[in-house]
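**Student:**
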Amino acid sequence: MNDFTMTIAGQQSATIATYPVEDPATGAVIADAPACTPGQLDEAMRAAQSALVGWHSDRSRRQQALERLADSVEGHLEELAGVITTEEGKPLAEARSELGDAINDLRYFASLELPAELIRDDEHTVVRVLRRPVGPVAAITPWNFPLGTAVAKIAPALAAGCTMVLKPSPYTPLSCLRFGELGRDVLPPGVLNVVSGSNEVGAWMTEHPIPRMVSFTGSVATGKRIATMVAPDLKRVTLELGGNDPAIVLDDVDIEEAADGLFANAFGNCGQICVAIKRVYVPSSRHDELVEALVSRAKAAKVGDGHLSGTEIGPLCNKMQFDRVAELVEDAMDHGAKLAAGGRPIEGPGYFFEPTVVTGVSDGVRIVDEEQFGPALPIVSYDDLDDVLVRANATHFGLGASIWTGDPERGGAIATGVESGTVWVNTHQAAVPGQPFGGLKWSGIGVEGGRWGLIGYTELQAIHVARG
Ligand code: NAD
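Numbering follows my numbering, with no gaps: position 361 of the sequence shown is 398.
Shown next, in the form of structure tokens:
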């Protein structure tokens, strides 16, 4: 898999240096990805700047191009799904679903408009308020949804009239590089430039004088660094960061139904989802029942190479994440936790870890307080609903949360007391077209999705005409 190339100014950019990319299911090196040099990054930034005026002045061209990009992803769906599974580890069905979301994003934003608002029109004055594209965007993305998180930026940014330089995670650059190659046939040169490389390339992008905005998805630690780095140049910034989503189970819940939803939303993509359920609070009176239901699902889940049919949970994406999950489980054990299911790395090559259900822990233990981002779910019991809301909110994170109940109206009323960008009732991670997504507190600044996501790539301009 060595034929992935960077796209700069609509063309293949020569590969000067490389770095290895691993298949997490085997630990084997599967590609030598291009390592972007400072000179190549500068070229990409200048291409994005040159393409800006022509791109933002022609809305129907943008609309058609985004539709054609969606067609192109559709036409290469199996190829791209295979690349995502090989670089990230997720089962093919999940890779296809990631691409389905990307196609929907491209089509949704192709059709979305932000019309000018006329706020005064009389014999003396006409005032219109427009939304202008913010300018060239530096987009930096993580590894868990390698192409999905990138397209969640590309679609609204390009629809708004911005141009972009995209850098995917060093762990999973291949699907984005391939997407950049497909874009060469569809987009004017310079509109979407795709480079790859280490974290250092992300830092160069953030500090580069050309982009007017940094659109970042990744960890809180890197998000904070980026917020600091953009300040001297007053670049706009969108930060989609980590979460530690609580699921609060109420006493009236149907345990079997809830266990299906909780398990799917905690262990999907091997737990490596920003809005995965990362801690479950359950009334003491329902604790044992729920643990039993989750344990039976954890033990039945088929863990393996994402390319094999029947695989439900793949490996962790990389050694760093694998070590972190193992460390958090070990720390929980040191603090008196019990392993109701799993708890150990799976012998053999690759970064496989048993689906793990941890009990006997509470707030104050790292696996409850921190983002584990892996297949290890702590179950915490509670006796008082008001108290558990305080505990769920006692965190710097505020990405998602969910309430699980036999009475959706009751759940909806409780939801408003939770401090997170989205609160679901009897589901988690679900979204309809047009729904915004973002984090409160340290989980982010700004949103993606819906018209609010498009607005994020624009700035207001007032045109005030005096008629005399
Ligand atoms: P990360 O912060 O380590 O890396 C993300 C990206 O930032 C990578 O492309 C990396 O190369 C780049 N980067 C690293 N250091 C940088 C620096 N100093 N300057 C500029 N760029 C830099 O995150 P990760 O481990 O790849 O991703 C996992 C995290 O992402 C989790 O916390 C997860 O919750 C979060 N995430 C959030 C969302 C969301 O929408 N809120 C979605 C997916 C993942």
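C-beta atoms are modelled at their ideal positions from N, C-alpha and C, and glycine is treated no differently.
Remember, it's a predicted structure, so these values are computed and weren't measured experimentally.
(1) Hey, is the stretch 150-160 in contact with the stretch 56-69, meaning 3+ C-beta pairs nearer than 8 Å?
(2) Among the candidates 330, 467, 216, whose CA atom is the shortest distance from the CA of residue 486?
(3) Residue ranges of each alpha helix (DSSP H) run of no fewer than 4 residues wholly in the stretch 112-158, ordered along the chain?
(4) With distances taken Cα to Cα, identify the nearest neighbour of residue 316 among 434, 384, 233, 261.
(5) For residue 42, is the classification buried or exposed, using 16 other Cβ atoms within 10 angstroms of its Cβ as the cut-off for buried?
(6) Verify whether the separation of the beta carbon atoms of residue 263 and residue 271 is less than 8 Å.
(7) Terminal residues of the continuous beta strand (DSSP E) containing residue 203?
(8) Contact defined as beta carbons within less than 8 Å: I believe residue 333 pairs with residue 418. What is the distance between those atoms, to the nearest angstrom?
(9) Which stretch, first to last residue, makes up the alpha helix (DSSP H) that contains residue 181?
(10) Check whether the Cβ of residue 265 lies closer than 7 Å to any heavy atom of ligand 1, and answer yes or no.
(11) When every heavy atom of ligand 1 is checked, does at least one fall within less than 7 Å of the C-beta of residue 213?
(12) DSSP three-state label for residue 54, please.
(13) Going by the beta-carbon positions, is the gap between residue 494 and residue 355 smaller than 8 Å?
(14) Within the same chain, show all residues whose beta-carbon is closer than 8 Å to that of residue 241, passing over the 5 residues directly before and after it, in chain order.
(15) Closer than 7 Å by C-beta to residue 81: which residues in its own chain qualify, once you throw out the five before and the five after it? Chain order, please.
(16) Which class does residue 289 belong to by DSSP, given the choice of helix, strand or coil?
(17) Does at least one heavy atom of ligand 1 sit under 7 Å from the Cβ of residue 508?
(18) Give me the Cβ distance between residue 456 and residue 477, rounded to the nearest whole Å; I'm assuming they're in contact under 8 Å.
(19) When DSSP labels each residue in this structure, what does residue 445 get in the three-state scheme?
(20) Buried or exposed for residue 250, going by 16 or more other Cβ atoms inside 10 Å?
(21) Where do the ends of the beta strand (DSSP E) carrying residue 501 lie?
(22) List the whole-angstrom C-beta distance separating residue 555 from residue 303, where the pair is believed to meet the contact cut-off of C-beta under 8 Å.
(23) Start and end of the alpha helix (DSSP H) containing residue 251?
(24) Are the beta-carbon atoms belonging to residue 441 and residue 286 less than 8 Å from one another?
(25) Report back the beta-carbon spacing between residue 451 and residue 392 to the nearest angstrom; my notes put them in contact at under 8 Å.
(26) Span of the beta strand (DSSP E) holding residue 44?
(27) Does the pairing of the stretch 105-122 with the stretch 138-149 give three or more beta-carbon distances under 8 Å?
(28) Considering only residues of the stretch 396-455, which uninterrupted beta strand (DSSP E) runs meet the minimum length of 3 residues and lie entirely inside it, listed in chain order?
(29) Using 7 Å as the cut-off, classify the Cβ of residue 500 as near or not near the heavy atoms of ligand 1, replying yes or no.
(30) Less than 7 Å separating the Cβ of residue 190 from some heavy atom of ligand 1?
(31) With a threshold of 8 Å on Cβ separation, who are the neighbours of residue 160 within its own chain once the five nearest residues in sequence on each side are excluded?
(32) Measure the beta-carbon distance from residue 429 to residue 395 and round it to whole angstroms, keeping in mind my assumption that it falls under 8 Å.
(33) Residue 19: beta carbon under 7 Å from a heavy atom of ligand 1?
(34) Can you give the Cα-Cα distance for residue 100 and residue 236, rounded to whole angstroms?
(35) So, at 6 Å on beta carbons, what are the nonlocal neighbours of residue 327 in its own chain, with the 5 sequence-adjacent residues on each side left out?
(36) How about residue 181: is its Cβ closer than 7 Å to a heavy atom in ligand 1?
**Tutor:** So, to answer that:
(1) no
(2) Along the sequence shown, read from residue 1 onward, the residue named residue 486 stands at position 449. If we check each option's Cα against that of residue 486, 467 comes out closest.
(3) 114-125, 129-148
(4) In the sequence shown, counting from the first residue as 1, residue 316 sits at position 279. Residue 316 has its Cα closest to that of 434, out of 434, 384, 233, 261.
(5) Position 5 of the sequence shown, counted from the start, is the residue given in the question as residue 42. Buried.
(6) If you number the sequence shown from 1, residue 263 lands on position 226. If you number the sequence shown from 1, residue 271 lands on position 234. Not in contact: residue 263 and residue 271 (Cβ atoms no closer than 8 Å).
(7) As a working note, residue 203 is residue 166 in the sequence shown. Looking at the DSSP string, the run of the beta strand (DSSP E) that includes residue 203 is 201-204.
(8) Stepping through the sequence shown from its first residue, residue 333 is reached at position 296. Stepping through the sequence shown from its first residue, residue 418 is reached at position 381. Actually they are not in contact, since the Cβ atoms of residue 333 and residue 418 sit about 19 Å apart, beyond 8 Å.
(9) Here residue 181 corresponds to residue number 144 of the sequence shown, with the count starting at 1. Premise fails: residue 181 is in no alpha helix (DSSP H) and is neither H nor E.
(10) What you label residue 265 is simply residue 228 of the sequence shown in a count that begins at 1. Checking every heavy atom of ligand 1 against the Cβ of residue 265, none is found closer than 7 Å.
(11) For the purposes of this step, residue 213 is identified with residue 176 of the sequence shown, where counting begins at 1. No.
(12) Residue mapping note: residue 54 aligns to position 17 of the sequence shown, counting from 1. In this structure, residue 54 counts as strand in the three-state DSSP scheme.
(13) Looking up residue 494 in the sequence shown gives position 457. Looking up residue 355 in the sequence shown gives position 318. Their beta carbons are not under 8 Å apart, which means residue 494 does not touch residue 355 by this criterion.
(14) Working through the sequence shown from its first residue, we reach residue 241 at position 204. Cβ within range, chain order: 75, 78.
(15) Here residue 81 corresponds to residue number 44 of the sequence shown, with the count starting at 1. These residues qualify, in order along the chain: 45, 202, 230, 232.
(16) Mapped onto the sequence shown, residue 289 falls at position 252. The answer is coil: DSSP assigns residue 289 none of H, G, I, E or B.
(17) With the chain covering only 38 through 505, there is no way to say anything about residue 508.
(18) Here the question's residue 456 lines up with position 419 in the sequence shown. Here the question's residue 477 lines up with position 440 in the sequence shown. Confirmed, about 6 Å.
(19) Walking along the sequence shown from the start, residue 445 turns up at place 408. If DSSP states are grouped into helix, strand and coil, residue 445 belongs with the helices.
(20) In the sequence shown, the residue the question calls residue 250 occupies position 213. Residue 250 comes out buried.
(21) Translated into the one-based positions of the sequence shown, residue 501 becomes position 464. That run of the beta strand (DSSP E) goes 495-503.
(22) Since the displayed the chain opens at 38 and closes at 505, residue 555 lies outside it and no answer follows.
(23) As a working note, residue 251 is residue 214 in the sequence shown. Looking at the DSSP string, residue 251 is not in any alpha helix (DSSP H); the run it does join, the beta strand (DSSP E), is 250-254.
(24) What you label residue 441 is simply residue 404 of the sequence shown in a count that begins at 1. What you label residue 286 is simply residue 249 of the sequence shown in a count that begins at 1. Contact: yes.
(25) Your numbering for residue 451 matches position 414 in the sequence shown. Your numbering for residue 392 matches position 355 in the sequence shown. So it is not a contact: roughly 29 Å between Cβ atoms.
(26) Residue 44 sits at position 7 when you count from the first residue of the sequence shown. Its beta strand (DSSP E) spans residues 43-45.
(27) yes
(28) 413-419, 437-441
(29) Locating residue 500 in the sequence shown gives position 463, counting from the first residue. Checking the Cβ of residue 500 against ligand 1 gives no.
(30) As a first step, residue 190 is located in the sequence shown; it is residue number 153 there, counting from the start. Every heavy atom of ligand 1 is 7 Å or more from the Cβ of residue 190, so no.
(31) As a working note, residue 160 is residue 123 in the sequence shown. For residue 160, where only same-chain residues beyond five positions count, the Cβ hits under 8 Å are 504.
(32) What you label residue 429 is simply residue 392 of the sequence shown in a count that begins at 1. What you label residue 395 is simply residue 358 of the sequence shown in a count that begins at 1. Actually they are not in contact, since the Cβ atoms of residue 429 and residue 395 sit about 17 Å apart, beyond 8 Å.
(33) As displayed, the chain neither begins before 38 nor continues past 505, which places residue 19 out of reach and without an answer.
(34) Position 63 of the sequence shown, counted from the first residue, corresponds to residue 100. Position 199 of the sequence shown, counted from the first residue, corresponds to residue 236. Answer to the nearest angstrom: the Cα atoms are 33 Å apart.
(35) In the sequence shown, residue 327 corresponds to position 290, counting from 1. 292, 319, listed in sequence order.
(36) Position 144 of the sequence shown, counted from the start, is the residue given in the question as residue 181. Checking every heavy atom of ligand 1 against the Cβ of residue 181, one is found closer than 7 Å.
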